[in-house]
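Have a look at the structure below, then the notes.
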Amino acid sequence: MSGQFPYPGGPPMAVPRQNQTAVFNGSLSPGQGYETPNAGKYPPTQNGPYGAPPRPQFPLQGATLGHVGIPSGFPPGHPSQSVGAVPPTSQFNSMSLNDPAIRPVMQPSQMGVASQLPPTPNQMSGPQQRSMGPFPPNSTGPNAGLPPPLSGSHPPPVGGSLPPPLGGGMQPPFTGGLPPSLGGGIQPPTSGVLPPHPVGSMPPPTSGVLPPHPAGSMQPPTGAVPPHPAGSMPPHNSSGLPLQQSGGMQPPVSGGFPPQQGGMPLPLGGGMPPPKAGIPTYGPPSVPTSSPMAAPIASPGFHPLSSSVPGSLPPVSSQQFPPSSQLPPSGVGQYQGQPPSGGFQGQLPPQSSHQPFQPGAHYNMPSQSMPGQPMHSTQPGGPPPTMGMGGPPPPMGMGGPVNQFPGSSPFQQQSPGYPGQPTQPQQQKRLDPDQMPSPIQVIEDDKKNRSGVYQTNIKGSVPPLVTTPFITQDQGNSGPKFIRSTMYNVPCTADMLKSSHIPFALALTPFAELDPNEQAPPLVDLGELGPVRCKRCKAYMNPFMQFIDGGRRFQCVFCGAATDVPNEYFAHLDHTGRRVDCYNRAELCLGTYEFVATKDYCKNGIPPKEPAFIFMIDVSYNSVKSGLVQLICNQLKSEILVNLPKESGADASEIRVGFVTYHKELHFYNVKSSLAQPQMMVVSDLEDMFVPLIDGFLVKLSESEGVIDSLLSQIPQLFSESKETELVLGPVIQAGLDALRSADRPGRLYIFHTGLPTAEAPGKLKNRDDRKLLGTEKEKTILTPQTQFYSKLGTDCVAAGCSVDLFLFPNQYIDVATMSDICRVTSGNIYKYSYFQADIDGERFIEDLKTSVKRSQGFDAILRVRTSTGIRPVDFYGNFYMANTTDVEMASIDSDSTVCLEVKHDDKLNEAEGAFIQVAVLYTTISGQRRLRCQNLALNCCVQMADLFRSCELDVLINFFAKQAIRTSLNANPKQVREHIMNEVAQILACYRKNCANPSSVGQLVLPECMKLLPLYANCIIKNDSISGGSEISTDDRSYLMHLVNGMDVKLSNVFFYPRLVPFHTLDMDSTDFPTAIRCSVERLEDSGIYILENGLSMFLWVGINVSPDTIQKIFAVQSAAQIDIDKVKILQLDNPVSRRLCDLINRIRHERSRYLKLTIVRQRDKLQSWFDHFLVEDKSMNNGSSYVDFLCHIHKEIRNILN
């Protein structure tokens, strides 16, 4: 039912989704599952196992009914797509030195009601016969190839300026630029200890503590309902004092006012006098002054609107104020403005700033003060001025006409005293973060509106956000857990796509983990016939193929070629042109399904054997001393091997297992079932590696369980006195590869490694660590591999279907940048446990290993993407290997494996036909069967920018930008990487402003509804340690994060770049609901609160200094926060509701992530506070990162430069 709700970034659905499902004659009820066609369970009915066709509710066009789930006709009165419709926008108003006057104007609508309605799915017409032109090459070789430096291909941001480094301590004079961030007054000095990496290793202790947070600095999170009714006390700043406005200002006129519609600016109630000519516009964000009063020259003045809702950005002062704790209470100011003209009769009373963000609001950006202009040194306390006129915009997703007052004339409002000489000195005000677009509000609105069942029958439908819980009901398009796109309305021409600056990218997770209520892809077995394919482009049969000539031929939706239907596959067509067995065949009515592959799809025409897992254990001195060897052997017996994956219904796993130990020589073990005790064979000649045994090395667990148990019991004793400190790694991987190749099996190597491989052997590495280079132009010298040995070895592994997982346990530099090459090429994973201690880190390590072993996975996989004629994939991002320009080779593929690709035009698309994507993955199952998994997606095409910007998905865009930045950072310097991201963001928003937004003041920042969080998320990418990590993190941690981001799926990248911060102290301890998160800023933290922060890799429990002793006792079983043992990584569940609720919440968060999250306890103002603050991404960061406020102002400046 969720399909009837509006999606973020687009207007509401005009008609309920359920009214359109009649077009797909096979919709399933939410609880109905699928059965495989070869299961022999089909009822003797024409309806088929994949759903019965419901009665059509309006006439359908028979010519298009061959396409599943594509509405081809509409009943009378159904709204059609408005070509010129303008998508919902969020706008910021700004005053500039170049603006002669700031007079926000509400333009009458030219679109009418239709502009607020979603585009109707394009009618599917039978594709025409087309010739298949040759595709130009889309790559130049393996994925290891890197693009040229940015300096030659990507222009820097207009203006050429970056947000300046943000340090703490004594700050330089304020010489102009953007306002400082609202950081609660807490800016740690750069000379102090910087935060360590955010992935689990313990940070170094600091020599001091951070200054205390001002009491009462907590601001309530943005909620769906405003906490204060309209007309109540206005919002407070971080000190709890109301913001003051000086000057003679009149209170607002009481009276109701209809909701303001999208594209209608909120007028400024006051403004600055006209600036003197010749004063330059404000520059990029700069460091605030340390004095209470900033120089008036070139200081942006911000004008907050108290009636603005969260998500709208009011202007505030850039003036640096004294600490909020020193400010006295101030009175409520008044705000003067002229009444609206022409049809608008009243004004709104003051409202709380904590209303949910609503589309259509225009936001006031900072403006420049006149040189020499007198200013009041007003404290940031009193309420912001109320909105003079204009009314609030409608709630997100609520449709309505753009202008409710046809014929009414636009109204204007002037600043007090303008035109003419100002009668009141102008003051500076601070920017309220509550008025900026809130990611929390966007996430919660989407959960509220789109949770439940998501049906995939609507072509070009934007799916729910990755943060929204939903159940996919496959009705012809592959679900969003498998495939997502940056856009669901594809521009028809390359010029339109290029001018938008939005990349057309797809994020593919073919083996994504499904909800228990979702049906796994059904298996189709066509016997010796094998999958039916197009004779020209080789696309596989899918729901969008059009059958013609009475069912004897089908026309390919990708290339237009007509192909004869094999006799074994023939079926008659009904009166609508659809096959009568459509709902008996998954490939004709579902978006995701699997074929059983014939021997033609196997190497050398021979069916593959069952895969094998080889566990390779480092038994050097450090490994034994830390307890790692003992832990691995104990847990392999009791927890790991019993969880080997097996096919559904099978009694035992078919996976073969083998065991190797090593330090500077290798030990192989014969565990054949006929042996009473295992046998060890030692290989010390590492230059020419070989496996000394074949028979007895790889065995079935069920057959050799006794011998394996004996071996795992003896290994810790055999090496308990090991003093060997030198290690090898290259020969270890070579041995595993040789074992799998000799057995002719695909498989995975689990390597547990503790140090830099310095022993004389292939793959030897030297210590080249120099973390001072991080963040400089020379950082790529330590972030790129020091040798190509592991990359070349990886290509050999891919050819044999051998994947490598590295579990690293370093106490010092281990050169992850070089070692990770083997995992990147073989699609393996890296897990890192710095300074490993078995009693502290053992649980996390074993849980990660257990998840890696037991989850669904495939081996020796090849992925290929086919697209409609006119578009083609040109570049691929992720951890895999490419020997040519089309095939993505993955030695293994699991539920986290993600491939991101960019698509570009090579011809013009037909708006009526749309665009089609098919992803095919050929792989070997855990039982040794060769299968082909197909996933299909139909997209709309458009010729209007408004349609494009209405259907974008920001989470995929951010995922793509991050991976692009990772690749670029290996070729370009950090400044170029940051400039590229900022330039792309500014170009995208400038394009929207130029082509889609209603005419408005040049000082307004206009944000498309579906991209209003783009500046925030882009700033999070730029500040992230994987992109901009400097000397405050280790070189290995930086390389580790880069590897993770390169293969990260969309759901994880969302929380990784913008962590989830959850208040625990406000929860109902008897409830089981998951709490609503709050924004990531230090100002949101209360001294008396307890918070959980997680980013998908790490988790923190933050305890305020004023938490009640009773709560401390119930959670930690100690009397005060000072007595908490912060070295603990596990909180014991005590017998009280508070402890049970906390443990349940922590476990639920861990269950959502594929990696076990290490819990770090942080006491307020303790040595770990700066580390925790590193994840509060809306504030300034220590690695020269701007705050949300500063970055948004900088992007606004760049947009204005582009438009000018």
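Quick note: the sequence shown uses the numbering used here, first residue 1440, plus one each step. Yeah, the Cβ is synthetic: ideal placement off N, Cα and C, and Gly gets one too.
**Request:** Measure the C-alpha to C-alpha separation of H2011 and R2018 and round it to an integer number of angstroms.
**Result:** Position 572 of the sequence shown, counted from the start, is the residue given in the question as residue 2011. Position 579 of the sequence shown, counted from the start, is the residue given in the question as residue 2018. Using only the alpha carbons, I get a separation of about 6 Å.
**Asked** Taking Cβ positions, are G2233 and T2265 nearer each other than 9 Å?
**Response** Translated into the one-based positions of the sequence shown, residue 2233 becomes position 794. Translated into the one-based positions of the sequence shown, residue 2265 becomes position 826. Contact: yes.
**Request:** Report the rounded CA-to-CA distance for D2124 versus E2104, giving the unit in angstroms.
**Result:** Residue 2124 sits at position 685 when you count from the first residue of the sequence shown. Residue 2104 sits at position 665 when you count from the first residue of the sequence shown. Whole-angstrom Cα-Cα distance: 8 Å.
**Request:** Quick one: give me the first and last residue of the beta strand (DSSP E) that V2313 is part of.
**Result:** Within the sequence shown, numbered from 1, the residue matching residue 2313 stands at position 874. Run containing V2313: I2310 to Y2316, per the beta strand (DSSP E) assignment.
**Asked** The alpha helix (DSSP H) with G2175 in it runs from where to where?
**Response** Looking up residue 2175 in the sequence shown gives position 736. Per DSSP, G2175 belongs to the alpha helix (DSSP H) from G2169 to A2182.
**Counterpart residues of I1910 in DSSP-defined beta bridges** = In the sequence shown, residue 1910 corresponds to position 471, counting from 1. DSSP lists V1892 as the bridge partner or partners of I1910.
**Prompt:** Curious, which full-length alpha helix (DSSP H) runs of at least 4 residues does the stretch 2495–2583 contain?
**Reply:** Counting only runs of 4 or more, we get 2548–2555.
**Asked** Going along the chain, which unbroken runs of the alpha helix (DSSP H) with 4 or more residues stay wholly within the stretch 2255–2318?
**Response** Here the runs fully enclosed are 2255–2264 and 2277–2293.
**Prompt:** Hey, out of F2034, H1940 and N2379, whose CA is closest to S2390's CA?
**Reply:** On the sequence shown, residue 2390 is found 951 positions in, with the first residue counted as 1. Check the Cα spacing between S2390 and each of F2034, H1940 and N2379: the tightest is with N2379.
**Prompt:** Fully enclosed by the stretch 2092–2143, which beta strand (DSSP E) runs are 3 residues long or longer?
**Reply:** Scanning the stretch 2092–2143 for uninterrupted beta strand (DSSP E) segments of 3 residues or longer gives 2095–2101, 2105–2109 and 2118–2122, listed from N- to C-terminal end.
**Request:** Determine the direct distance from the alpha carbon of A2560 to that of G1624, and round the result to whole angstroms.
**Result:** Looking up residue 1624 in the sequence shown gives position 185. Looking up residue 2560 in the sequence shown gives position 1121. The pLDDT assigned to G1624 is 38, lower than 50, so where the model puts this residue is not dependable; a value taken from the coordinates is nonetheless given after this. So the two alpha carbons sit approximately 24 Å from each other.
**Message:** Just list the residues that DSSP pairs M2055 with in beta bridges.
**Reply:** As a working note, residue 2055 is residue 616 in the sequence shown. V2099 and I2190.
**Message:** Quick check: the Cα distance between L2083 and S2092, rounded to an integer number of angstroms?
**Reply:** Counting from one through the sequence shown, the residue named residue 2083 turns up at place 644. Counting from one through the sequence shown, the residue named residue 2092 turns up at place 653. Spanning the two alpha carbons is a distance of roughly 6 Å.
**Ordered list of beta strand (DSSP E) runs contained in the stretch 2442–2489, each at least 3 residues** = Counting only runs of 3 or more residues that sit fully inside the stretch 2442–2489, the beta strand (DSSP E) segments are 2444–2447, in chain order.
**Message:** Give me, in chain order, the residues of the same chain whose beta-carbon lies closer than 8 Å to that of V2004; leave out the 5 immediate sequence neighbours on both sides.
**Reply:** Stepping through the sequence shown from its first residue, residue 2004 is reached at position 565. Same-chain partners within the cutoff: V1971, F1986, G1990, R1991, R1992 and F1993.
**Prompt:** Rounded to whole angstroms, how far is the Cβ of G2097 from the Cβ of A2178, which I believe are closer than 8 Å?
**Reply:** As a first step, residue 2097 is located in the sequence shown; it is residue number 658 there, counting from the start. As a first step, residue 2178 is located in the sequence shown; it is residue number 739 there, counting from the start. Right, the Cβ-Cβ distance comes to about 6 Å (below 8 Å), so this counts as a contact.
**Prompt:** Straight-line CA distance for G2202 to S2181?
**Reply:** Here residue 2202 refers to the residue found at position 763 when the sequence shown is read from its first residue. Here residue 2181 refers to the residue found at position 742 when the sequence shown is read from its first residue. Between G2202 and S2181, the C-alpha separation is close to 22 Å.
**Request:** For A2556, count neighbouring C-beta atoms within 10 Å of its own C-beta (all shown protein chains included) and say buried if the count is 16 or more, exposed if not.
**Result:** Within the sequence shown, the letter at position 1117 stands for residue 2556. Around the CB of A2556, fewer than 16 other CB atoms lie within 10 Å, so the residue is classed as exposed.
**Request:** Leaving out five residues on either side along the sequence, give the residues of the same chain with a beta carbon under 7 Å from the beta carbon of S1570.
**Result:** By one-based count along the sequence shown, residue 1570 stands at place 131. With a pLDDT of only 38 at S1570, under 50, the local geometry of the prediction cannot be trusted, and no value is derived from it.
**Message:** Going residue by residue through the stretch 2359–2443, where are the continuous beta strand (DSSP E) segments of at least 3 residues, counting only ones entirely within it?
**Reply:** Segments of the beta strand (DSSP E) lying fully in the stretch 2359–2443: 2369–2381.
**Asked** Counting pairs of beta carbons, one from the stretch 2414–2433 and one from the stretch 2583–2602, are three or more of them closer than 8 Å?
**Response** Judged by Cβ distances under 8 Å, the stretch 2414–2433 makes no contact with the stretch 2583–2602, as fewer than three pairs qualify.
**Message:** In whole angstroms, give me the CA-to-CA distance for P2046 and A2036.
**Reply:** By 1-based counting over the sequence shown, the position of residue 2046 is 607. By 1-based counting over the sequence shown, the position of residue 2036 is 597. In this structure, the alpha-carbon of P2046 lies about 10 Å from that of A2036.
**Prompt:** How long is the line joining the alpha carbons of L2631 and N1981, rounded to whole angstroms?
**Reply:** Start at 1 with the first residue of the sequence shown, and residue 2631 comes out as number 1192. Start at 1 with the first residue of the sequence shown, and residue 1981 comes out as number 542. Here the alpha carbon of L2631 sits roughly 45 Å from the alpha carbon of N1981.
**Prompt:** Looking at Q2276 and P2155, is the spacing between their C-beta atoms short of 9 Å?
**Reply:** In the sequence shown, the residue the question calls residue 2155 occupies position 716. In the sequence shown, the residue the question calls residue 2276 occupies position 837. Contact flag unset, no.
**Message:** Give me, in chain order, the residues of the same chain whose beta-carbon lies closer than 7 Å to that of A2174; leave out the 5 immediate sequence neighbours on both sides.
**Reply:** One-based indexing of the sequence shown puts residue 2174 at position 735. Apart from sequence neighbours up to five positions away, the residues of its chain that approach A2174 with a beta-carbon distance below 7 Å are V2099, L2105, M2128 and V2130, ordered along the chain.
**Request:** Could you name the residues of the same chain whose beta carbon sits closer than 6 Å to that of Y2627, not counting the 5 residues immediately before and after it, in chain order?
**Result:** Mapped onto the sequence shown, residue 2627 falls at position 1188. The beta carbon of Y2627 sits closer than 6 Å to the beta carbons of L2455 and E2617 from its chain, once the five residues preceding and following it are set aside; these are given in chain order.
**Message:** In this structure, how does DSSP classify I1941 when only helix, strand and coil are distinguished?
**Reply:** The residue you call residue 1941 lines up with position 502 of the sequence shown. DSSP places I1941 in coil when its eight states are reduced to three.
**Message:** So, with DSSP's three-state summary, where would you put S1900?
**Reply:** Mapped onto the sequence shown, residue 1900 falls at position 461. Three-state DSSP puts S1900 in coil, outside helix and strand.
**Message:** Rounded to the nearest angstrom, what separates R2024 and V1963 at their Cα positions?
**Reply:** Translated into positions along the sequence shown, residue 2024 becomes position 585. Translated into positions along the sequence shown, residue 1963 becomes position 524. Roughly 8 Å between the two C-alpha positions.
**Prompt:** Which residues bound the alpha helix (DSSP H) around C2632?
**Reply:** Position 1193 of the sequence shown, counted from the first residue, corresponds to residue 2632. Taken as a continuous stretch (DSSP letters only), the alpha helix (DSSP H) holding C2632 covers Y2627 to L2642.
**Prompt:** Counting Cβ pairs, one atom from each stretch, are 3 or more of them under 8 Å apart for the stretch 2327–2343 and the stretch 1932–1948?
**Reply:** With the rule of 3 Cβ pairs closer than 8 Å, the stretch 2327–2343 counts as touching the stretch 1932–1948.
**Message:** By the three-class DSSP mapping on this structure, what secondary structure does V2035 have?
**Reply:** Within the sequence shown, numbered from 1, the residue matching residue 2035 stands at position 596. Three-state DSSP puts V2035 in a strand.
**Request:** Would you check if the distance between the CB atom of I2190 and the CB atom of D2235 is smaller than 9 Å?
**Result:** As a working mapping, residue 2190 is identified with position 751 in the sequence shown. As a working mapping, residue 2235 is identified with position 796 in the sequence shown. Against a cut-off of 9 Å, the Cβ pair of D2235 and I2190 comes out as no contact.
**Cα-Cα separation between Y2431 and D2326, rounded to whole angstroms** = Working through the sequence shown from its first residue, we reach residue 2431 at position 992. Working through the sequence shown from its first residue, we reach residue 2326 at position 887. Cα to Cα, the separation comes out at about 35 Å.
**Request:** If I'm right that A2000 touches K1974 with Cβ under 8 Å, what's the distance once you round it to whole angstroms?
**Result:** As a first step, residue 2000 is located in the sequence shown; it is residue number 561 there, counting from the start. As a first step, residue 1974 is located in the sequence shown; it is residue number 535 there, counting from the start. About 6 Å; that satisfies the 8 Å criterion.
**Prompt:** Which of the three DSSP states, helix, strand or coil, is assigned to I2600?
**Reply:** In the sequence shown, counting from the first residue as 1, residue 2600 sits at position 1161. Looking at I2600 - three-state DSSP - the assignment turns out to be strand.
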